[in-house]
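Laid out in structure tokens, this is it:
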């Protein structure tokens with residue numbers, strides 16, 4: 021038998037091949053979510069190894085997740101994302117999250133590529149919110165408020181700005197003023213926009229049309245004041261007020277089944293406890309809206325609550341593009357399997 025080769029792509033390789041292209045990430049993520057809804061994907065439940073006895077304790081001690089999947093359509097790729105996350109890494113001068121993505125041949129099932137998946141992970145998480153904002157934000161939305169001045173909200177801002185170019189007013193909230201100011205200066209310069217740094221949600225000078233919680237805080241940071249008529253709230257990874265989702269006219273998920281299984285937010289915990297029924301979730305798979313089979317926002321007065329769990333097939337979509345570009349351009353290192 022001929023030796024089987026495996027392509028290794030470092031973080032620098034992945035970046036050089038376009039992992040940071042947000043327009044392409046938005047397109048990949050939207051298509052992947054459509055394929056999930058159409059049934060042209062395999063999305064096993066996320067395996068979360070939380071270092072704690074609850075999602076609240078996990079937010080302090082960290083986790084390592086395994087996220088396998090197969091994506092059909094033009095991708096025709098299987099794979100798995102293996103990602104570790106610990107908020108305390110920042111105290112050690114390390115990124116909060118680190119990710120590896122493995123791609124497998126859907127025919128032979130042999131591994132094809134091992135790549136640094138950290139940038140891909142951040143891009144797809146941002147792009148997922150960008151796609152949601154594109155379809156769910158009020159048409160006249162102007163103001164975006166982000167909670168948490170970490171790396172992930174940089175990608176949230178970039179993606180939502182690309183998806184909703186009419187936005188013209190931006191706030192970043194962080195209890196550490198220096199972090200908020202640094203975020204505002206650096207991202208304002210990068211995107212050519214003016215961002216107001218604040219330390220409390222109450223200091224937001226305008227009623228936000230879109231709010232994003234991507235804080236790593238170990239206590240709820242998003243209060244009920246963001247539940248305004250016509251607004252959209254996206255709970256990426258931070259802890260919202262336990263009752264915030266209850267204020268929504270509609271609750272939507274990228275995959276309610278996956279959100280509930282993961283159990284990493286109050287909405288999911290209440291779902292597992294039987295307090296939130298399947299019929300309480302207006303859209304259980306956001307692809308239903310993306311494919312035009314169900315309306316998302318039906319009124320400028322609706323408060324919409326969107327909870328993405330994040331699925332490995334989103335990483336596989338972007339990673340597939342990177343892998344094929346690598347083969348075309350001769351980037352990476354081939355090793356014997």
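Numbering (the working numbering), first residue to last: 21 to 357. Think of the CB as a built atom: it goes at the ideal place given N, C-alpha and C, for glycine as much as any other residue.
- In this structure, residue 49 lies away from residue 199, with their beta-carbon atoms at least 8 Å apart.
- Comparing alpha-carbon positions, the option among 339, 212, 241, 353 lying closest to residue 219 turns out to be 241.
- Going by beta carbons, residue 158 and residue 229 fall inside the 8 Å limit.
- Relative to residue 287, the option among 327, 217, 314 whose CA is nearest is 327.
- By the C-beta criterion, the segment 180 to 191 is judged not to be in contact with the segment 269 to 289, since fewer than 3 inter-stretch pairs fall below 8 Å.
- For residue 107, the secondary structure class from DSSP, reduced to helix, strand or coil, is helix.
- For residue 174, the enclosing alpha helix (DSSP H) begins and ends at 171 to 183.
- Contact between the segment 49 to 61 and the segment 87 to 102 is present: 3 or more CB-CB pairs across the two stretches fall below 8 Å.
- Contact annotation: residue 233 and residue 167 have beta-carbon atoms nearer than 8 Å.
- Comparing alpha-carbon positions, the option among 123, 119, 350, 73 lying closest to residue 99 turns out to be 123.
- Burial state of residue 96 is exposed, judged by a 10 Å Cβ sphere holding fewer than 16 other Cβ atoms.
- Judged by DSSP in its simplified three-state form, residue 166 adopts strand.
- For the 8 Å CB-CB criterion, residue 197 and residue 338 do not form a contact.
- Within the DSSP bridge table, the entry for residue 95 names no partner.
- Just so you know, the alpha carbons of residue 270 and residue 330 end up roughly 20 Å apart.
- 8 Å or more divides the Cβ of residue 250 from the Cβ of residue 186.
- Only buried fits residue 254, as 16 or more other CB atoms lie within 10 angstroms of its CB.
- Comparing alpha-carbon positions, the option among 260, 32, 335, 208 lying closest to residue 221 turns out to be 260.
- For residue 315, the three-state secondary structure derived from DSSP is coil.
- Put simply, the segment 295 to 305 does not touch the segment 24 to 42. Fewer than three CB pairs are less than 8 Å apart.
- Judged by DSSP in its simplified three-state form, residue 145 adopts helix.
- DSSP places residue 309 in the uninterrupted alpha helix (DSSP H) bounded by 307 to 310.
- Judged by beta-carbon spacing, residue 86 lies within the 8 Å limit of residue 67, meaning their Cβ atoms are closer than that value.
- Of the other Cβ atoms in all chains shown, 16 or more fall within 10 Å of the Cβ of residue 175; this residue is therefore buried.
- Residues of the same chain with a CB within less than 6 Å of the CB of residue 25, apart from the 5 flanking positions on each side, are 354 in chain order.
- In the same chain as residue 45, and ignoring 5 residues on each side of it, the C-beta atoms closer than 7 Å to its own belong to 143, 144, 147, 338, in chain order.
- Ranking 72, 101, 27 by CA distance to the CA of residue 347 puts 27 first.
- By the neighbour-count definition (other C-beta atoms within 10 Å, threshold 16), residue 69 is an exposed residue.
- Scanning 280, 305, 295, 284 for the CA closest to the CA of residue 74 turns up 284.
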